[in-house]
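Novice: Please find one structure pasted underneath; my questions will follow.
Protein chains: 2
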Amino acid sequence: MERHFDEELRELKEKLLQMASLAEDSISRSIKALTDRDKKLAQKVIDSDDEINMLEIEVDEICLKLLALRQPIAKDLRFITAAMRINSDLERIGDLSVNIAERTLDLLQEPLLKPLIDIPRMAQLAQKMVKDSLNAFVNRDAELAHDVCCRDDEVDQLNHQIFRELLTYMFQDPKNITRSVDLVLIGRHMERIADHATNIGEDVVYMVKGKTIKHHIQEKENRGKT
Amino acid sequence: MERHFDEELRELKEKLLQMASLAEDSISRSIKALTDRDKKLAQKVIDSDDEINMLEIEVDEICLKLLALRQPIAKDLRFITAAMRINSDLERIGDLSVNIAERTLDLLQEPLLKPLIDIPRMAQLAQKMVKDSLNAFVNRDAELAHDVCCRDDEVDQLNHQIFRELLTYMFQDPKNITRSVDLVLIGRHMERIADHATNIGEDVVYMVKGKTIKHHIQEKENRGKT
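Protein chains in written order, with this note's numbering: chain A, 78 to 303; chain B, 78 to 303.
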């Protein structure tokens, strides 16, 4: 029985990594569609979301079944509950990529507002965060997971900077407004993708160490002690 | 032992309702701060988010402890996993209220752009969705939970309408831009609050009926059959 359970956990892990791979594809395609002005690719992101949604339900059912039938404790319990959360974050990342693709389709109806530099950079950071948070999950690497969480501030700052710049474009010419607002919203979506990667990082730390770093509770506790 | 477990579940339910009450306060205060142009109240929303964050961790720990020590099955297992998800949605609702409060502080630096009508209406709808989803949870009312999920489209449409209207304000006069963008973002935050209420509704249906209505899977299955 023990061996069988190990196998089930391995299957769960594989399914979750399949989910992660779809979510990562979704992000990178949505960004590529934006930078290459590729309408077909944007549509592809939107169309393939169903697959992620169905896989989310499947992973969820596996987790609930394992909880019910195997009644795991300690490390295994933390692994399964982390998988449930990560699954939900990945599904949301898929949704956010769809949002980016929808905004991109909107943007493609007009000529390019300006060469995109900061947004692809932000996309790269967010994408790397998702990738690393999943690597941390696979390798049970709490240090890498913690590092991912720390990078969230950089993305937030970049988003703020993009927002300020786009405001100046809007001020310059009313013709810029629709496209600027679309780009502001795309920036927000990216920022939220990074937030979900941070959630995944926090869950990995919890899974490995059995204690939470959510809401910087550790830092607060340390501050309380000094 | 059975009795003791029932008591623990009741405690969990109470903690979650305490969390819900804080989240609901956060939404209503953030909206009141916006409509009444009340800087102090907006600041209060921001300051009180820590309390929600700490409670989230507490509820999570209770759930994990119950899963580990009681090894629940069937109905109880679905209740605890639903509680974990709802807990996470409530925490996000708290965050979104903070986002609304931050945008409000921004808005209060300038005079009123226009009388706010649709945004408070949208806020009312979203707030009612959160309230009803929690009532559905307390009363194990799958019908009400399902009804909450159906209302999400109305909020989305209203948000789209607000977005279009604010674009016209931006076009009219560059002086309107900053405030319009703030209101666009507030609209988005509301829409996401409604999304989280929808998630809660879906979890309640799952908890009561043991089958998912996520991603309208039921409708799709039915369509497949015809």
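Note that the Cβ used here is the ideal one computed from N, Cα and C, for glycine as well.
Classify Cys-227 of chain A: buried if its beta carbon has 16 or more other beta carbons within 10 angstroms, exposed otherwise.
Specialist: So Cys-227 of chain A counts as exposed.
Novice: By a C-beta neighbour count over all protein chains shown, 10 Å radius and 16 as the cutoff for buried, is His-266 of chain A buried or exposed?
Specialist: His-266 of chain A is buried by the Cβ-count criterion.
Novice: Could you check if Ser-194 of chain A is buried or exposed, using at least 16 other CB atoms within 10 Å of its CB as the buried criterion?
Specialist: The amino acid occupying residue 194 of chain A in the given sequence is Ile; Ser does not appear at that position. Exposed is the call here.
Novice: Can you give me, in chain order, the residues of the segment 153 to 178 of chain A that have a beta carbon less than 8 Å from any beta carbon in chain C?
Specialist: Looking for chain C here will not work: the only protein chains present are A and B.
Novice: Show which residues of chain A have a CB atom less than 9 Å away from the CB atom of Leu-244 of chain B.
Specialist: Correct list: Ile-254, Thr-255, Val-258.
Novice: Do Asp-272 of chain A and Asp-183 of chain A have their C-beta atoms closer together than 8 Å?
Specialist: No.
Novice: Can you tell me which of A:Ile-108, A:Leu-167, A:Leu-111 puts its alpha carbon nearest to the alpha carbon of Gln-95 of chain A?
Specialist: Considering only alpha carbons, the answer is A:Leu-167.
Novice: Which term fits Ala-151 of chain B, buried or exposed, when burial requires 16 or more other beta carbons within 10 angstroms of its beta carbon?
Specialist: Exposed, since its Cβ has fewer than 16 Cβ neighbours within 10 Å.
Novice: Name the residues in the segment 270 to 282 of chain B whose C-beta lies less than 7 Å from a C-beta of chain A; which are they?
Specialist: Cβ contacts with chain A come from no residue of the segment 270 to 282 of chain B.
Novice: What residues in the segment 102 to 128 of chain B have a beta carbon less than 7 Å from any beta carbon of chain A?
Specialist: Residues passing the 7 Å Cβ filter: none.
Novice: Taking only beta-carbon positions, decide if Gln-148 of chain A is within less than 8 Å of chain B.
Specialist: Closer than 8 Å: yes.
Novice: So, for Thr-275 of chain B: in the same chain, excluding its five sequence neighbours on each side, which residues have a beta-carbon less than 6 Å away from its beta-carbon?
Specialist: Excluding residues within five positions, the ones whose Cβ falls inside 6 Å are Cys-226, Asp-229.
Novice: How many angstroms separate the CA atom of Tyr-283 of chain A from the CA atom of Ala-222 of chain A?
Specialist: Roughly 10 Å between the two C-alpha positions.
Novice: Could you check whether the Cβ of Met-247 of chain B sits closer than 8 Å to any Cβ belonging to chain A?
Specialist: Chain A contact via Cβ: present.
Novice: Going along chain B, which residues have a C-beta under 7 Å from Thr-289 of chain A?
Specialist: Chain B residues near Thr-289 of chain A: Ile-134.
Novice: Using a Cβ-Cβ cutoff of less than 6 Å, which residues in the same chain neighbour Arg-147 of chain B once the five nearest sequence positions on both sides are dropped?
Specialist: If we look at Arg-147 of chain B and ignore the five residues flanking it on each side, its Cβ neighbours are Phe-82.
Novice: Run down chain B in chain order and give the residues with a C-beta less than 8 Å from the C-beta of Pro-251 of chain A.
Specialist: Neighbours of Pro-251 of chain A on chain B, chain order: Met-247, Phe-248, Pro-251.
Novice: By Cβ distance, which residues of its chain are closer than 6 Å to Lys-286 of chain B, with the 5 residues on each side in sequence left out?
Specialist: Excluding positions up to five away in sequence, the list reads Ala-219.
Novice: Can you tell me where the alpha helix (DSSP H) holding Pro-319 of chain B begins and where it ends?
Specialist: Given that chain B is displayed from residue 78 to residue 303, the structure contains no residue 319 of chain B and the question cannot be resolved.
Novice: Rounded to whole angstroms, what is the Cα-Cα separation between Met-199 of chain A and Arg-87 of chain B?
Specialist: Approximately 45 Å between the Cα atoms of the pair.
Novice: Tell me whether the segment 97 to 104 of chain B and the segment 159 to 176 of chain B touch, counting them as touching only if at least three CB pairs, one residue from each stretch, are closer than 8 Å.
Specialist: Touching, per the Cβ criterion.
Novice: Thr-158 of chain B and Leu-141 of chain A look like a contact to me (Cβ under 8 Å); what is the Cβ gap, rounded to whole Å?
Specialist: Yes, they are in contact, since the Cβ atoms of Thr-158 of chain B and Leu-141 of chain A sit about 6 Å apart, within 8 Å.
Novice: What does Thr-130 of chain A touch in chain B if you count any residue whose Cβ is under 7 Å from its own?
Specialist: Thr is not the amino acid found at residue 130 of chain A; the sequence shown has Asn there. What Asn-130 of chain A touches in chain B: His-292.
Novice: CB Ser-236 of chain A to CB Leu-190 of chain A, shorter than 8 Å?
Specialist: The sequence given here has Asn at residue 236 of chain A, not Ser. Not a contact, by the Cβ cut-off of 8 Å.
Novice: Report the option in A:Lys-116, A:Gln-249, A:Val-281 whose CA atom is closest to the CA atom of Lys-179 of chain A.
Specialist: For clarity, residue 179 of chain A is Glu in the given sequence; the question names Lys instead. The shortest C-alpha separation from Glu-179 of chain A is found at A:Lys-116.
Novice: Could you check what DSSP says for Thr-158 of chain B in three-state terms: helix, strand or coil?
Specialist: Three-state DSSP puts Thr-158 of chain B in a helix.
Novice: Using a Cβ cut-off of 9 Å, pull out every chain A residue sitting near Val-261 of chain B, in sequence order please.
Specialist: Simply Val-258, Val-261, Leu-262.
Novice: Using the rule of at least 16 other Cβ atoms within 10 Å of the residue's Cβ for burial, across every protein chain shown, is Pro-149 of chain B buried or exposed?
Specialist: Pro-149 of chain B comes out buried.
Novice: At least one CB of chain A closer than 8 Å to the CB of Glu-85 of chain B: is that the case?
Specialist: No, Glu-85 of chain B lies away from the interface with chain A (no Cβ there is under 8 Å from its Cβ).
Novice: Taking DSSP as the reference, what is the three-state secondary structure of Pro-251 of chain B?
Specialist: The answer is helix: DSSP assigns Pro-251 of chain B an H, G or I state.
Novice: Helix, strand or coil for Lys-191 of chain A? Go by DSSP, reduced to three states.
Specialist: In this structure, Lys-191 of chain A counts as coil in the three-state DSSP scheme.
Novice: Which of helix, strand or coil does DSSP assign to Gly-301 of chain A?
Specialist: Reliability fails at Gly-301 of chain A, whose pLDDT of 45 lies under 50, so the model's placement of it is uncertain and the value that follows must be treated cautiously. Gly-301 of chain A: helix per DSSP, three-state reduction.
Novice: Would you mind sorting Ile-169 of chain A into buried or exposed? The rule is 16 or more other CB atoms within 10 Å of its CB.
Specialist: The amino acid occupying residue 169 of chain A in the given sequence is Arg; Ile does not appear at that position. Classification of Arg-169 of chain A: buried, given that the 10 Å Cβ count is 16 or more.
Novice: Let me know if Glu-84 of chain A comes out buried or exposed under the rule of 16 or more other beta-carbons within 10 Å of its beta-carbon.
Specialist: Classification for Glu-84 of chain A: exposed.
Novice: Is the CB-CB distance between Leu-132 of chain B and Thr-255 of chain A below 8 Å?
Specialist: Not closer than 8 Å, so no.
Novice: Does Gln-186 of chain B come out as helix, strand or coil in the three-state DSSP assignment?
Specialist: Coil, per DSSP.
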